[in-house]
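>
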Amino acid sequence: MPQLVWLLAFMLSVSSALAACTIPSKRRPWHTLSNDEKLEYIHAELCLMQKPAVLGLPGPRTRFDDLQAVHQRQAYAVHFAGAFLPFHRLFVQAHETALRTECNYSGYQPYWHEQPDAGHFHTSAVFDATYGFGGDGDGGHEQCLATGPFANYTNPIGPAYALVDHCISRQITDAASRATAAAAVDACLAKPDFGSAWPCIECVPHMANGVSSPGDPIFYLHHAWLDKVFWDWQARDREERTRTIGGPNVAPDYMPGFPPRPDSIPRPTGADGDPGMTTTMGHVLNMFGNGPNRTIADL
Numbered sequence: 001m002p003q004l005v006w007l008l009a010f011m012l013s014v015s016s017a018l019a020a021c022t023i024p025s026k027r028r029p030w031h032t033l034s035n036d037e038k039l040e041y042i043h044a045e046l047c048l049m050q051k052p053a054v055l056g057l058p059g060p061r062t063r064f065d066d067l068q069a070v071h072q073r074q075a076y077a078v079h080f081a082g083a084f085l086p087f088h089r090l091f092v093q094a095h096e097t098a099l100r101t102e103c104n105y106s107g108y109q110p111y112w113h114e115q116p117d118a119g120h121f122h123t124s125a126v127f128d129a130t131y132g133f134g135g136d137g138d139g140g141h142e143q144c145l146a147t148g149p150f151a152n153y154t155n156p157i158g159p160a161y162a163l164v165d166h167c168i169s170r171q172i173t174d175a176a177s178r179a180t181a182a183a184a185v186d187a188c189l190a191k192p193d194f195g196s197a198w199p200c201i202e203c204v205p206h207m208a209n210g211v212s213s214p215g216d217p218i219f220y221l222h223h224a225w226l227d228k229v230f231w232d233w234q235a236r237d238r239e240e241r242t243r244t245i246g247g248p249n250v251a252p253d254y255m256p257g258f259p260p261r262p263d264s265i266p267r268p269t270g271a272d273g274d275p276g277m278t279t280t281m282g283h284v285l286n287m288f289g290n291g292p293n294r295t296i297a298d299l
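First residue of the sequence shown: 1, per UniProt numbering; consecutive thereafter.
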């Protein structure tokens with residue numbers, strides 16, 4: 001399907017859903033889903049891994065890759081910057097919409113409730129080989145995913161900014177996962193303003209390959225959880241906190257854990273609707289055709 005026709009169909013489906021909405025959707029933690037519900041989600045993700053790419057970006061072969069490429073191209077614009085939380089909110093929503101409109105998924109994006117698993121991620125139900133996302137890497141140089149429904153997927157996006165075929169790589173680190181404990185989350189929720197809450201939430205355990213991390217399907221459950229933490233912070237003063245933003249509009253040249261930005265990725269100098277150095281509510285979040293662009297104020 002030509003990209004423009006696909007995008008128009010996508011936007012019409014979203015608009016119809018919004019117009020008809022009378023009961024807000026409810027995202028649920030993975031461990032509360034039935035086995036059948038877990039399998040439905042997994043099968044929908046596998047469906048995206050089989051549908052051909054439509055965005056025309058360099059690298060993707062499938063719709064799953066399309067989403068990953070959108071994140072890869074903007075990694076330097078949406079990490080260590082004020083747009084981090086709003087961008088990932090919209091990005092996870094785009095993934096949820098793709099599952100529902102393209103792969104007939106009847107649920108909503110589940111999240112990984114990480115607090116109970118803090119300090120022992122490797123025992124989490126999300127890593128079950130049948131009703132989850134498979135376990136740890138195989139111990140080899142690339143730490144290829146060894147078990148579960150996604151073990152044989154060949155990913156053409158990454159690692160980092162590369163565009164080469166590789167396996168889904170995973171290395172579970174229990175020590176780092178301690179930072180998802182309830183006390184750490186509560187400390188973020190207690191922050192008095194966005195300028196202190198945003199970096200606190202962003203700097204809880206992050207996927208090590210921040211550039212092409214959506215290549216591991218667990219990414220969407222992790223970021224749906226981060227979005228819940230963000231929403232829980234906003235809900236403590238909803239009127240004020242849903243209309244305030246801040247933070248730098250351009251990430252620093254050096255970002256811990258991120259590889260150097262290649263010349264093929266332009267250095268961010270601001271955003272549509274937000275040309276200055278400080279993130280504002282007019283900042284336009286770009287989905288590169290993977291759903292409509294939105295301003296931070298829209299979210």
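Ideal Cβ positions, reconstructed from N, Cα and C, are used throughout, including at glycine. These numbers were taken from a predicted model, which means no experiment stands behind them.
By the three-class DSSP mapping on this structure, what secondary structure does Pro29 have?
It is a strand residue.
> Entirely within the segment 69-94 and at least 3 residues each: give me those beta strand (DSSP E) ranges in chain order.
Runs of the beta strand (DSSP E) inside the segment 69-94: none found.
> Under 8 Å between the Cβ atoms of Thr244 and Phe288?
No.
> Hey, Gln68 and Ser169: beta-carbon distance below 8 Å or not?
It is not a contact, given that the beta carbons lie outside the stated cut-off.
> Enumerate in chain order the residues of its own chain whose CB-to-CB distance from Lys26 is below 7 Å, with the five nearest sequence positions on each side excluded.
For Lys26, where only same-chain residues beyond five positions count, the Cβ hits under 7 Å are Tyr108.
> In angstroms, rounded to a whole number, what distance separates the CA positions of Pro52 and Pro60?
Each residue's Cα considered, the two are about 9 Å apart.
> Count the other C-beta atoms from every protein chain shown that fall within 10 angstroms of the C-beta of Cys203, then say buried if there are 16 or more, exposed otherwise.
Exposed is the call here.
> To the nearest angstrom, how far is it from the Cα of His283 to the Cα of Gly140?
Roughly 42 Å between the two C-alpha positions.
> Quick check on this structure: which residue in His71, Asp117, Asp174 and Leu48 has the alpha carbon closest to the alpha carbon of Pro58?
For the residues His71, Asp117, Asp174 and Leu48, the minimum Cα distance to Pro58 belongs to His71.
> Grab me the residues of Thr123's own chain with a C-beta within less than 8 Å of its C-beta, minus the 5 sequence neighbours each way, in chain order.
Cβ within range, chain order: Asp117.
> Grouping DSSP H, G and I as helix and E and B as strand, with all else coil, what is Leu221?
Helix, per DSSP.
> Just the C-alpha distance for Val54 and Asp66, rounded to the nearest angstrom, thanks.
About 7 Å.
> Taking the alpha carbon of Gln234 as the point to measure from, which residue in Ala251, Gly134 and Ser196 has its own alpha carbon closest?
Selected option, being the one with the closest Cα: Ser196.
> Measure the Cβ-Cβ separation of Pro149 and Leu46 and say whether it is below 8 Å.
Yes, they are a contact pair.
> Would you check if the distance between the CB atom of Leu285 and the CB atom of Ala162 is smaller than 8 Å?
It is not a contact, given that the beta carbons lie outside the stated cut-off.
> Closer than 8 Å is the cut-off here; do at least three beta carbon pairs connect the segment 123-135 with the segment 34-41?
Yes, they touch.
> What separation, rounded to the nearest whole angstrom, lies between the Cα atoms of Tyr76 and Tyr105?
Cα to Cα, the separation comes out at about 31 Å.
> Which value, in whole angstroms, describes the spacing of the CA atoms of Pro275 and Pro199?
Distance between the alpha carbons of Pro275 and Pro199 is about 22 Å.
> Just the Cα atoms here: how many angstroms apart are Gly134 and Asp216?
One C-alpha to the other measures close to 11 Å.
> Buried or exposed for Arg294, please, with buried defined as at least 16 other CB atoms from any protein chain shown within 10 angstroms of its CB.
By the 10 Å Cβ count, Arg294 comes out buried.
> Are Val185 and Val229 touching if we call contact CB-CB under 8 Å?
A contact, by the Cβ cut-off of 8 Å.
> Mind checking Met291: buried by the 16 CB within 10 Å criterion, or exposed?
The sequence given here has Gly at residue 291, not Met. Buried, because 16 or more other Cβ atoms sit within 10 Å of the Cβ of Gly291.
> Measuring only the C-alpha atoms, how far is His43 from Arg100?
Straight-line Cα distance between these residues: approximately 12 Å.
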